[in-house]
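Numbering (our numbering), first residue to last: 6 to 228.
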């Protein structure tokens, strides 16, 4: 008999394939077919750890099918994924909590890593950090909320406020709401493979009035 964990992993993977499949078709249409997916020169992104603080946002754009699907669904968004800076480890490395589809059945959707690892993938084509211009106490509240939710599942059907599951922009939205931030990213109603959904699009984060990009936090160079 299949275990509950295996069944959950299978259901998440199925939802992920549906979302990627639908988004990939849109991506192919908007990039000119498979020719539009030819690889571009790989970029190396370097994090300046000291320029990041708890409560800051770290963005990336990838040319993976998942990244292309996100951008096809939200063409106004420059990025396809976002995480929340939660502080620094004992070696001074900035840490980020983010929500993304698991790569294996036993992996959590909401997980913590270094900011450098977050932008280090070979398919990352753009990366940037931004401040919400919050007080240090507000930033710490956002970080504490995100850390309490490490280990939750990825919200694969994008049902806002699903129990014990989050997707990347929802994590930021929920943390900001819990910390009583003065402004929140808006939601929009999208048609998804799982039905109509109220979602937090990446473009809503980028449109926040107090968002300020930290130009020194992420440096770029050719690999």
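In this text, a Cβ means the ideal position worked out from N, Cα and C, and glycines have one as well. The structure displayed is predicted, hence computed values, not measured ones.
Apply the 10 Å Cβ neighbour rule to residue i and answer buried if 16 or more other Cβ atoms are within range, or exposed otherwise.
i, result
"residue 76", "buried"
"residue 82", "buried"
"residue 95", "exposed"
"residue 206", "buried"
"residue 173", "buried"
"residue 100", "buried"
"residue 199", "exposed"
When the Cα atoms are used, what is the spatial distance from residue i to residue j?
i, j, result
"residue 119", "residue 52", "10 Å"
"residue 163", "residue 60", "23 Å"
"residue 66", "residue 87", "9 Å"
"residue 103", "residue 226", "24 Å"
"residue 110", "residue 91", "26 Å"
"residue 229", "residue 63", "Residue 229 cannot be examined here, being either before or after the span of the chain that is shown, 6 to 228."
"residue 153", "residue 130", "30 Å"
"residue 217", "residue 49", "23 Å"
"residue 72", "residue 140", "32 Å"
"residue 190", "residue 97", "30 Å"
"residue 58", "residue 202", "32 Å"
"residue 224", "residue 93", "19 Å"
"residue 149", "residue 70", "31 Å"
"residue 112", "residue 106", "9 Å"
"residue 138", "residue 197", "33 Å"
Comparing alpha-carbon positions, which option in the options lies nearest residue i?
i, options, result
"residue 127", "68, 217, 63", "68"
"residue 193", "209, 166, 97, 55", "209"
"residue 159", "203, 169, 85", "169"
"residue 220", "97, 135, 185, 200", "135"
"residue 146", "177, 106, 195", "177"
"residue 185", "78, 199, 142", "142"
"residue 116", "132, 151, 188", "151"
"residue 114", "124, 133, 137, 161", "161"
Should residue i be counted as a contact of the ligand FAD given a C-beta to heavy atom distance under 7 Å?
i, result
"residue 61", "As far as ligands go, the structure on display features none, and thus does not contain the ligand FAD."
Let me check one thing: in DSSP terms, what residues is residue i bridge-paired to?
i, result
"residue 90", "101"
"residue 232", "Here the chain has residues from 6 to 228 only, and residue 232 is not among them."
"residue 50", "225"
"residue 180", "In the DSSP output, where bridge partners are listed per residue, residue 180 has none listed."
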